[in-house]
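Take a look at the structure set out below.
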Amino acid sequence: MRKVLSTILVSAAFCFEASLLQAQNLPSGQGPRPIAEPIPLGGSSLGNQGFPSSGPMANPQSYGQSEDAPLDLSLSGLSPSAFMEEPPLIEFAWYGSIGARALQRQKNGSLGSAYQGDGDVLGAADFARLPEVQNFNQLNPAMGWGPTVTLGFLENNHMLEFYGFYIPQNSTSISNTDQGRLSSPFGSSPPPPYAPSGFQGLWLNADTMTTTMNSAIGNAELNYRYASPAIKDVEFMFGVRYFDILENMIYSTNHSGDITTSNPKLQANYNARAHNHILGLQVGSEYNLRVFKHLGIGMMSKGSAGVNWWNSQVSLVRGDGLQGFSGSQNGATFASILEMGFYADILLLERARFRAGYNVLWAIGVAEASSQYNYNLRDTTGSSDIGTTFYQGPTLELQFLF
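In the numbering used here, the protein residues as written are 102 to 503.
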């Protein structure tokens, strides 16, 4: 019985294996169907039987060109990279100007320097009743002219600039002549009267009295200027400024008794001198506006603050060279220069323009020659008074870009 069951199981297994082998074999005469090509992204054509033909994908940037043309992946020659804009054009240039500038000083104080009498003035008590015929305020300082120069270098909106001007010594004076009738408080006030030996009485009942003022100004600046793209037509400046003021006042008397002749021993000069050396840091700004194609207007303001090293001197000298005294003082104090200017620009050429303007300037913390005067001839060192001086005047410049 067991033998019969084994024979049946073996026969069944053989039949099952034979059926599996027959299922894996295709009928004779039929081959495998080809696998379709993937659909290209563009530029391919369909075969005769509706299937896409094989071949390389066409260059999407070169339609109308041969499919064998190489793919151009280069960037435009106008762009340095794919992630930045074209770099700005950098401009380097020198510029400058030459011109002329004038400054007129404000008037001095009202210190009386000559009184008219009847030839009988004896001392300080008499001046209260005498009419004043001359004082320092009658001096009208001259409008002094001098050269200006500018030289600078620019790189786009950054500039480094030197600017300077010099106004040589100019002079103005007032004079009164009245034989034997002019007197001055010098040597008489305060009482008792005093004058060095050889100078007594030269300021009483004189013939001629003259006051002369001389002044000179120098300026030098080195500024960094910046034109901000965010603020149109405005430039800012930062730098250092040196300002020099030299003043000299001479008060002369002639007691010769004859206005047609002179006796040096009867003449005398009281000389007061003040020299200021101001050095400070400076900030400022300048605004320019184009009104017409060839015309622009603008304004400038700047201020410096620093130290003034000043020196004052007074001396008394007779006409024949005899020296009554000579003294001086020195000091250092805070000082400031404030300046404003208004101007018009006329465009002459592409790189040249003419500028005409007017400036006002305050010098704060300076020694003045007129402040050194003292009726008391016992004081031989002058005064240490510090004040403020105002200047104004026009400026003319020819500006050019190299």
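Here a beta-carbon is modelled for each residue, glycine too, at the ideal position from N, C-alpha and C.
Predicted model only: the values in this text are computed from it and were never measured.
PRO242 burial status per 10 Å Cβ neighbour count (16 or more: buried): Its Cβ being crowded by 16 or more others within 10 Å, PRO242 is buried.
For SER405: DSSP bridge partner residues: In DSSP, SER405 forms a bridge with GLN383, ILE438.
Counted within 10 angstroms of its Cβ, other Cβ atoms place THR312 as buried (16 or more) or exposed: Looking at its Cβ environment, which holds 16 or more other Cβ atoms inside 10 Å, THR312 is buried.
Cβ neighbours of ASP486 in the same chain (closer than 7 Å, five flanking residues each side left out): Excluding positions up to five away in sequence, the list reads SER472.
Buried or exposed (CB count within 10 angstroms, at least 16 for buried), ASP219: Classification of ASP219: exposed, given that the 10 Å Cβ count is below 16.
8 Å contact criterion, which THR273 and MET314 should meet: CB distance rounded: Rounded, the Cβ-Cβ distance is 6 Å, consistent with contact.
Local Cβ density within 10 Å of LEU449, reported as buried at 16 or more and exposed below that: LEU449 is exposed by the Cβ-count criterion.
Distance CB(ARG452)-CB(LEU382) smaller than 7 Å: No, they are not a contact pair.
Cα-Cα separation, PRO269 to TRP246: Each residue's Cα considered, the two are about 8 Å apart.
Cβ of ALA457 within 7 Å of any chain D Cβ: No chain D is part of this structure, which consists of one protein chain only.
Stretch-stretch touch, CB-based, cutoff 8 Å, three pairs: the region 371–382 with the region 337–354: In short, these stretches touch, since the Cβ pair count reaches three.
Coil, strand or helix - SER329 by DSSP: Three-state DSSP puts SER329 in coil, outside helix and strand.
Rounded straight-line distance, which links the Cα of LEU390 to that of PHE266: Their Cα atoms are separated by approximately 25 Å.
Nearest-angstrom beta carbon gap, SER427 and SER416 [assumed within contact, 8 Å]: 4 Å between Cβ atoms; contact.
Nearest candidate by alpha-carbon position, reference GLN239, set LEU231, LYS208, TYR264: Closest by C-alpha distance to GLN239, out of LEU231, LYS208, TYR264, is LYS208.
Alpha carbon of PHE184 to alpha carbon of ALA321, nearest angstrom: With a pLDDT of 44 at PHE184, under the threshold of 50, the predicted position of this residue should be treated as unreliable, and no value is reported.
6 Å Cβ shell around ARG282 - same chain, five flanking residues per side excluded: Counting only Cβ-Cβ distances below 6 Å, and skipping sequence neighbours, we find GLN217, GLY218, GLY220.
Backbone secondary structure at PHE228 - three-state DSSP: Residue state, collapsed to three classes: helix.
MET338 CB to nearest heavy atom of the ligand COA below 6 Å: Ligands displayed in this structure: none; no statement on the ligand COA is therefore possible.
For PRO330 and VAL384, the rounded distance between their alpha carbons: So the alpha carbons of these two residues sit roughly 19 Å apart.
Buried or exposed by the 16-neighbour rule on C-beta atoms within 10 Å, applied to GLN301: By the 10 Å Cβ count, GLN301 comes out exposed.
Of the listed residues ALA201, SER214, TYR295, THR278, nearest to THR249 (C-alpha basis): Shortest Cα-Cα distance from THR249 to any of ALA201, SER214, TYR295, THR278 involves ALA201.
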